[in-house]
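Student: One structure, pasted below without further comment.
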Amino acid sequence: MPIFEYQCRECKKTFETLVFGNQEVTCPMCKGKNVKKLMSAFSHSSDGKFTSSAGPGCGSCSATSCGPS
Ligand SMILES: [Zn+2]
Numbered sequence: 204m205p206i207f208e209y210q211c212r213e214c215k216k217t218f219e220t221l222v223f224g225n226q227e228v229t230c231p232m233c234k235g236k237n238v239k240k241l242m243s244a245f246s247h248s249s250d251g252k253f254t255s256s257a258g259p260g261c262g263s264c265s266a267t268s269c270g271p272s
């Protein structure tokens, strides 16, 4: 998936977003469009960052009943 990391020039927020084609990127904090693309966002920040919003479950399997109980 074409996930890229950006930083807003207005509020300095960094965020990752999916970008399709020529879609405009908008800052999720201030809704500004004055953002810059950050390079190579993946190699140093892969520690479960993308699974934190997956809800219950361990994140490494599709079951929802394997989380801590
Ligand atoms: Zn912003």
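My numbering puts the last residue of the sequence shown at 272; the count rises by one with no breaks.
Note that CB positions come from ideal geometry on N, CA and C, so glycine has one too.
In whole angstroms, what is the alpha-carbon distance linking Tyr209 and Val238?
Tutor: Taking the straight line joining both Cα atoms gives about 6 Å.
Student: Just the Cα atoms here: how many angstroms apart are Met233 and Cys211?
Tutor: First, the residue type needs correcting, since residue 233 is Cys and not Met in the sequence shown. Computed Cα separation, rounded: 9 Å.
Student: Within the continuous beta strand (DSSP E) that includes Thr217, where are the two ends?
Tutor: That run of the beta strand (DSSP E) goes 217–221.
Student: Measuring CA to CA, which of Cys214, Lys240, Gly235 is closest to Leu221?
Tutor: Minimum Cα distance to Leu221 is reached at Lys240.
Student: Are Phe218 and Pro205 close, meaning C-beta to C-beta below 8 Å?
Tutor: Contact: no.
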